Structure formats: C-alpha cells, structure tokens
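Data block below; observations after.
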Amino acid sequence: MTELLLAELINKQQLKSDIFKFSVKAPNIVKNAKPGNFIEIRVSEQVEPFLRRPISIYNLDKENGILEFIFQVKGKGTEILSKAEIGAQIDIVGPLGNGTFKYESYQNIAILGGGIGIFPLYELAKSAKNDGKNVNIYIGFRNKDLVMLESEFKEISNKLVLTTDDGSYSQKGFAIDYLEKDINNGKIDAIFSCGPLPMLKAVQKLAIEKNIPCQLSLEEKMACGLGVCLGCAVKTAKSTIENPEYWHVCKGGPVFNAKDIDIS
Ligand SMILES: Cc1cc2nc3c(=O)[nH]c(=O)nc-3n(C[C@H](O)[C@H](O)[C@H](O)COP(=O)(O)OP(=O)(O)OC[C@H]3O[C@@H](n4cnc5c(N)ncnc54)[C@H](O)[C@@H]3O)c2cc1C
Ligand code: FES
C-alpha cells in the first residue's frame, strides 16, 4: 500500500560532486516495495518547486526498515534536496508504480544499466541473487570519472561487466555489446534495463531481434505522478496515427515489457 510520510534522513553520502545517496527510515514503504518501484519526494514547503520529484528506490533494507535512494542534482528540486542534513524529515510518497521488474520465472538474467539509470537496478539484482538466480550485470559509463557503485554491484552479481565508452576504465565500449555476446552464447533468458533513451532503444531492438523477454524502466518527466495529467505518456506498441494509445509511466510503469511500448 502507498504511504505518505515524513521519513527521517539517517545517513547521507556524497558519491560524486552532484550525486547523493540518502538513507531514510520508512519501514512501511520498505515492507511493501518491489524492485522497480519509485517514490515521490516533496523537496520544499514553499510553493516553488511545488511538484514532487520522482526518484527510484535503490535499496530496501528489510531488516531495519531503511530505504535508500540515489539522485543526481539536475535542477532546483534536487538541489534543495541535496542540502537536507541528517535528522531532517523527508516528505515521501511511496511505493509508487504498478509496473515493477518481474524476474521470478527466469534463471539466467541480464541486467543492463547506463549512467544514473543503474540506481533502480540494484534492488532488482540483490533480490534476484537472494532468490538463487544467475545474475549477470552489464553497466556502462561515459568515462572513468562517472563510474560508481562498482563494488556494490559486484557483490550482488555472478558476473559484472563494467564498461566506459572511451576505455578510460575497465572494458572499452558499450555494455550492450558484451550483453549481446552472452546472448549469442545462449547464456541469457531475460533482460532488465534502465538508462538513457538511446541505450533503451538499442536493447529493445536487440531483445526483439533475439526473441528474449525484456523489461525496461522508463524515467519520463512527470508532473502529477497520479495518472491524471498525461505528463508522462508513453506510446503503446499498438498505437497508430488513427488510433493513438498511451500508457502513463507513473501508473502503468515505470517498468514495461519492451515489446509493448513505442520509444522510437
Ligand atoms: C520513475 C522515475 C524514476 C527516477 N529515478 C531517479 C533516480 O533514481 N535518480 C535520479 O537522479 N533521478 C531519477 N529520476 C529523474 C528525476 O526525477 C529528475 O532528475 C528530477 O525530477 C529533476 O528535478 P529538479 O527539480 O532537480 O530538476 P528540474 O528543474 O525539474 O529539471 C532540471 C533538468 O532535468 C531534466 N529532467 C527533469 N526530469 C527528468 C527526468 N525524469 N529524466 C531526465 N531528465 C529530467 C529537465 O529537463 C531539466 O533539464 C527519475 C525519474 C522518474 C520519472
Ligand atoms: S505524471 Fe501525470 S499522468 Fe503521469
């Protein structure tokens, strides 16, 4: 069940100059959340910025009721949030999203992430590993300075491939190319992905070509977050000019089957 609460900020870590990891006490959200869910945060009591900001759940510490999320400072909202100090009460609604990652029926799973899109993939990988799945993770960054969470992802995977576009750290190239090799060797039953749109388009195409089930988490811009404003609409694969058809990422997603959506 979705809950609105003031959650105490009990730990704050600066991972990069503009990237922060927050740990908050939110036992009910932690109890109810699934991999792929997100939360919405009200960053200010002032009129501006008024809308809540959607942020993915990074980690659920079920034992201690602690929820962790990681965010990049993009604009006014995340800038204000980044200034919160330990002990602050963070205004959160969650868990949100009806479309979550569903990995249960696959044994050999591939998790593909790019840049800050890797955040919602951690809880997925951790849960799948705990459930005895063979977890293959492929994460890519533009260069060495942007690499993060390597040891965290290594710990919860059977195999981790980390790439940089320019080869300044670890493997050179795009993470999806390493995934494709493993698909061609018959090692992958399903793909789960989140990241920049060009990467999502590429993995959608690859999965359809290879006939492999694939679930994508979309991070469309949102306004209401409640399914009423159409601010987060994504076209369905069946949509045509004559009969346009959309889903709301905030309600139907953020995770969709790759073959059901049109992100071209
Ligand atoms: C379901 C979902 C999960 C998300 N999870 C995370 C997360 O775990 N960590 C994280 O850092 N960010 C995440 N985002 C993106 C995050 O919500 C936005 O970066 C944030 O709302 C920006 O707010 P702001 O007030 O700082 O910036 P604004 O002033 O609102 O915008 C500043 C800049 O950011 C761009 N922007 C705004 N929203 C988005 C968006 N959704 N995607 C890409 N660019 C955007 C704007 O175009 C503008 O250029 C997620 C978004 C969605 C929809
Ligand atoms: S953000 Fe308003 S419908 Fe999704």
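With the numbering used here applied, the sequence shown closes on residue 467, and no number is skipped along the way. Think of the CB as a built atom: it goes at the ideal place given N, C-alpha and C, for glycine as much as any other residue. Remember, predicted model here, so these are calculated numbers, not experimental data.
Can the beta-carbon of residue i be found less than 8 Å from the beta-carbon of residue j?
i	j	result
Asn240	Ile258	no
Ile312	Val338	yes
Asn262	Glu326	yes
Glu243	Gly302	no
Thr309	Ala229	The sequence given here has Tyr at residue 309, not Thr. For Tyr309 and Ala229, no; Cβs fall outside 8 Å.
Leu419	Phe377	no
Gly335	Pro399	no
Ile379	Leu324	no
Tyr372	Val350	yes
Ile232	Leu270	yes
Lys404	Ser467	yes
Ile415	Lys438	no
Thr281	Arg256	yes
Cys397	Ala461	no
Gly469	Leu299	Since the first residue shown for the chain is 204 and the last is 467, residue 469 is missing from the structure and cannot be characterised.
Lys375	Thr366	yes
Ile295	Leu208	yes
Leu254	Ala426	yes
Pro238	Ser330	yes
Ile293	Ala210	yes
Ile340	Ala328	yes
On the DSSP bridge assignment, give the partners of residue i in chain order.
i	result
Pro447	BP columns for Pro447 are empty, so no partner.
Glu248	Answer by DSSP bridge pairing: none, since Glu248 is not bridged.
Gly227	Per the sequence shown, residue 227 should be read as Val rather than Gly. Per DSSP, Leu212 and Leu270.
Ile242	Ile258
Ile464	Thr439
Phe459	Leu419
Leu218	Answer is none; Leu218 lacks a bridge partner.
Phe253	DSSP, once it has assigned bridges, lists no residue as partnering Phe253.
Leu207	Val296
Gly335	BP columns for Gly335 are empty, so no partner.
Ile342	Gly316 and Leu365
Hey, is residue i close to ligand 3, as in C-beta under 7 Å from one of its heavy atoms?
i	result
Val437	Because ligand 3 does not appear in the structure shown, any question about it cannot be addressed here, the ligands present being ligand 1 and ligand 2.
Along the chain, which unbroken stretches of the beta strand (DSSP E) at least 3 residues long are found entirely within the stretch 255-327?
256-259, 262-264, 269-275, 292-299 and 311-317
Segments of 4+ residues assigned as alpha helix (DSSP H) that fall wholly inside the stretch 388-431
400-413
Validate contact between the stretch 378-388 and the stretch 279-290 using beta carbons, cut 8 Å, 3 pairs:
no
Count the CB pairs spanning the stretch 335-351 and the stretch 409-417 that are closer than 8 Å, and state whether there are at least three.
no
Taking only runs that begin and end inside the stretch 349-393, name each unbroken beta strand (DSSP E) of 3 or more residues, in chain order.
362-367
I want to know whether the stretch 362-378 touches the stretch 212-224 - three or more CB-CB distances under 8 Å.
no
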